[in-house]
Amino acid sequence: MDPEKLGELFRKYGDDVFRLAYSYLGNRTDAEDVCQSVFLKLAEGKTVLLPGKEKSWLLTCAANLCKSQLR
17 MDPEKLGELF
27 RKYGDDVFRL
37 AYSYLGNRTD
47 AEDVCQSVFL
57 KLAEGKTVLL
67 PGKEKSWLLT
77 CAANLCKSQL
87 R
């Protein structure tokens with residue numbers, strides 16, 4: 017994914033991803049780590065986001081990472 021698009025998605029949805037992670041984990045540092053991991057996964061470019069479904073993918077990815085971390 018091109019850096020400009022990634023930055024745009026982070027500005028638009030970064031707070032939502034962080035809040036979701038924080039609600040699962042209850043720890044700011046862990047929530048920041050999950051948020052970073054979600055956007056790094058997106059930056060790797062192996063994911064194709066459908067237009068209009070970016071937020072859904074980001075939040076689902078964050079929830080899955082949080083659940084994995086809680087196990």
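FYI, in this note's numbering the residues of the sequence shown are 17 to 87.
All residues carry an ideal CB built from backbone N, CA and C; glycine is no exception.
Beta-carbon to beta-carbon, residue 17 and residue 61 are separated by about 5 Å, close enough to satisfy the 8 Å threshold.
Membership of residue 50 in the alpha helix (DSSP H) is indicated by the continuous run 44-59.
Shortest Cα-Cα distance from residue 37 to any of 55, 23, 66 and 20 involves 55. If you look at residue 33, you'll find it in the alpha helix (DSSP H) that goes 19-41. Taking the Cβ atoms as the reference, residue 40 lies roughly 17 Å from residue 71, outside the contact range of under 8 Å.
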